[in-house]
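Numbering (this note's numbering), first residue to last: 215 to 508.
Note that CB positions come from ideal geometry on N, CA and C, so glycine has one too.
Here the structure is a predicted model, which means the values were calculated and not measured.
To keep things clear, I will list the structure first and then write my remarks on it.
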Amino acid sequence: MPFLPLSCPLDLSATLLGGQSFCWQPVSPDLFQGWIQSKPVRLEYKAGNLSWDNPSLSADQIRRYFSLDLDLPSIFKTFPPSDPHLKAAWQSHSGLRPVREDPWECLSNFICSSLKQIIQIRQINDRLRTSLGGTHRVFPSPKIICQSGEAALRACSLGYRARHLAATAKILAEKPEILDIPPSLPTQEAAARLETLPGVGPKISRCVLLYAYSRWDAFPVDVWVSRLVWKLYFPRKRKAPSLSELEHWSAKHFGPDSGLAQLFLFHWFRTGPGARTKALPKETVFKRQSRRGN
DNA sequence: TGGCAGGGGTTGA
DNA sequence: TCAACCCCTGCC
215 MPFLPLSCPL DLSATLLGGQ SFCWQPVSPD LFQGWIQSKP VRLEYKAGNL
265 SWDNPSLSAD QIRRYFSLDL DLPSIFKTFP PSDPHLKAAW QSHSGLRPVR
315 EDPWECLSNF ICSSLKQIIQ IRQINDRLRT SLGGTHRVFP SPKIICQSGE
365 AALRACSLGY RARHLAATAK ILAEKPEILD IPPSLPTQEA AARLETLPGV
415 GPKISRCVLL YAYSRWDAFP VDVWVSRLVW KLYFPRKRKA PSLSELEHWS
465 AKHFGPDSGL AQLFLFHWFR TGPGARTKAL PKETVFKRQS RRGN
């Protein structure tokens, strides 16, 4: 079984199940089953070694998937040292890594993500593989999704998202080059290009840029991030900050790697301080204000 | 056991 | 700016 000795910590559960990728199933706390570049694989992290059972995957592919070339401690040194929340997020989840997911699968996952919880998005990914992915349960290409039609997608519990995914698949089956986003293209322009696709708005475009294209300056704002920034950084503000306020603030406060700050804060907040916020009436008020703010 | 609220957004009017 | 879009889960 090939393996890679790691010089940094790796938290497979936080990394694979935390909302970046949706094709992973836990087998045991240290063992996960899923796909990397359409190849089925089981990953195990033990005693500082990351091993995998599919020899057709190279160490470089594994390294690339977990962004192991990225020096996170150095990046965290560029963040404001006076930010206690980010410090807490880093200290409690230093094994969290940003992944490099396949752009098409990542885009599909996030088109399916609206008003869905992580577990439901994983179920959809699983159903798409089972019903459309053939014997090897490969994630279906735009062409296959396009040929299968909206009804087949609805059968996979996509609901109204089926229309969006079918329409986007049709466009990409004809023009796959839309997803060839060169590193020289500024993130804002790359986001605008993705947002020409049906079902893709500002949140999804930034998730795809962050988790598939390694654009560390992409700062996705969803209900959790909005809630987090509001509660932790602007607790006295009566209204939730608007999308454009959040975008400007994040770039100014965190700098060019704001997306990585977001990844850690998001995970830490959801599993820590944010998990305790359950006041439903307030939540409803927040949601209305948040949407109005957008 | 059944009803109901709510969820990691986007769209179109 | 705001309702509509699907449907699954958790809770009472």
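For Arg450, there is no enclosing beta strand (DSSP E), as DSSP marks it with neither H nor E. The shortest C-alpha to C-alpha distance from Thr410 to any of His467, Glu459, Ala432, Ile392 is the one to Ile392. Between Leu479 and the set Ala380, Ser221, Leu218, Gly233, the nearest pair of CA atoms involves Gly233. Here the alpha carbons of Ala426 and Ala380 stand approximately 20 angstroms from one another. By the criterion of a C-beta distance shorter than 8 angstroms, Leu460 is surrounded in its chain by Phe433, Val435, Val439, Ser440, Val443, once the five residues flanking it on both sides are discounted. Excluding sequence positions up to five before and after Asp225, its CB lies within less than 6 angstroms of the CB of Gly309, Leu310, all in the same chain and listed in chain order. Here the region 345-352 makes no contact with the region 280-289; the two share fewer than three CB pairs at distances below 8 angstroms. Residue burial annotation: Asp274 is exposed, with fewer than 16 other C-beta atoms found within 10 angstroms of its C-beta.
Here Trp249 has Cys237 as same chain residues with Cβ atoms under 6 angstroms from its own Cβ, once five neighbours each way along the sequence are excluded.
Taking 8 angstroms as the cut-off, the beta carbon of Ile325 is found closer than this to the beta carbon of Val414. Here the alpha carbons of Arg450 and Arg341 stand approximately 44 angstroms from one another. For Arg407, the uninterrupted alpha helix (DSSP H) run begins and ends at 401-408, by DSSP. Between Ser306 and Gly486 the beta-carbon gap is near 7 angstroms, inside 8 angstroms, which marks them as a contact. Beta bridge pairing from DSSP links Phe293 with no other residue. Between Glu319 and Phe353, the C-beta gap is smaller than 8 angstroms, which places the two residues in contact. Beta-bridge annotation (DSSP): Ser242 is paired with Leu245.
Contact check for Ser371 against Gln337 passes: the beta carbons are separated by less than 8 angstroms.
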